[in-house]
Amino acid sequence: MAYNKAEKSDAPMRKKGGIRRRKKVCVFCGKDNVIDYKDTNKLKRYVSERGKILPRRITGNCAKHQRA
Numbered sequence: 002m003a004y005n006k007a008e009k010s011d012a013p014m015r016k017k018g019g020i021r022r023r024k025k026v027c028v029f030c031g032k033d034n035v036i037d038y039k040d041t042n043k044l045k046r047y048v049s050e051r052g053k054i055l056p057r058r059i060t061g062n063c064a065k066h067q068r069a
């Protein structure tokens with residue numbers, strides 16, 4: 002059976018894209034939080050299992066606090 006282009010145009014159009022995710026907000030900017038090297042529970046969220054620092058797009062930190 003041959004493919005007919007007219008049949009394809011009758012099909013409903015689907016919107017491309019996915020679920021929009023909320024932009025992550027820097028935890029340290031909002032409050033008067035101080036980054037302390039002794040607070041291991043807070044720092045554990047920003048380090049991978051291998052000990053590497055997670056990127057900004059995953060943690061949601063701003064550029065200033067990512068460098069701190």
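Just so you know, we're using our numbering here: the sequence shown kicks off at 2 and counts up by one. Note that the Cβ used here is the ideal one computed from N, Cα and C, for glycine as well. Predicted model only: the values in this text are computed from it and were never measured.
Less than 7 Å separating the beta-carbons of residue i and residue j?
i, j, result
"GLN67", "ARG57", "yes"
"ILE20", "ALA69", "no"
Between residue i and residue j, what straight-line distance do the alpha-carbon atoms span, to the nearest angstrom?
i, j, result
"SER49", "ILE59", "11 Å"
"LYS39", "PHE29", "16 Å"
"LYS17", "ARG23", "18 Å"
"CYS27", "CYS63", "6 Å"
"LYS43", "ASN34", "11 Å"
"THR41", "LYS65", "20 Å"
Spatial neighbours of residue i within its chain, please: C-beta separation below 7 Å, excluding the five flanking residues on both sides.
i, result
"ILE54", "TYR47 and VAL48"
My assumption, with CB atoms under 8 Å, is that residue i sits in contact with residue j. Please give the rounded CB distance.
i, j, result
"GLY61", "LYS32", "14 Å between Cβ atoms; not a contact."
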